[in-house]
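A.B. asks:
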Amino acid sequence: VDFSKQPFDKFFSYVKNTPTFKWQKVPAAERYVFEIARDKDFKTVISKTPCWNNYFTWEQVRPGQFYYRIQAFN
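Okay, so the sequence shown: first residue is 20 according to the numbering used here, each after it adds one.
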């Protein structure tokens, strides 16, 4: 596949290695909420996902600078 001739959106369908975020388990946590934002104040959240394990794979990865945070709940 010649990536230089692919439309921008099509190019990212070929990305095989999506980032996986892992963190230490929080004692007594039953679930987590994983958030990704474009700004460090989290005013522009682009993903807010509940997780039941201590990892998250971002399959809709896109170019740019992003910030993430994790909240634990029990």
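All residues carry an ideal CB built from backbone N, CA and C; glycine is no exception. Fair warning: this is a prediction, and the values are worked out from it, not measured in the lab.
For F96 versus I55, is the C-beta distance shorter than 8 angstroms?
C.D. replies: No answer is possible for residue 96: the residues shown for the chain start at 20 and end at 93.
A.B. asks: Distance, Cα to Cα, A48 vs Q90?
C.D. replies: What you label residue 48 is simply residue 29 of the sequence shown in a count that begins at 1. What you label residue 90 is simply residue 71 of the sequence shown in a count that begins at 1. C-alpha separation (whole angstroms): 10 angstroms.
A.B. asks: Within its chain, find whatever has a CB closer than 6 angstroms to the CB of K44; leave out the 5 residues flanking it on each side and keep chain order.
C.D. replies: Numbered from its first residue, the sequence shown carries residue 44 at position 25. Same-chain partners within the cutoff: N73.
A.B. asks: Which of helix, strand or coil does DSSP assign to A91?
C.D. replies: As a first step, residue 91 is located in the sequence shown; it is residue number 72 there, counting from the start. Residue state, collapsed to three classes: strand.
A.B. asks: Which value, in whole angstroms, describes the spacing of the CA atoms of F75 and F53?
C.D. replies: By 1-based counting over the sequence shown, the position of residue 75 is 56. By 1-based counting over the sequence shown, the position of residue 53 is 34. So the two alpha carbons sit approximately 7 angstroms from each other.
A.B. asks: Sorted by chain position, which residues of the same chain lie with C-beta nearer than 6 angstroms to V64's C-beta, five sequence neighbours on each side aside?
C.D. replies: For this step, residue 64 is matched to residue 45 along the sequence shown. So the qualifying residues of the chain are E54, A56.
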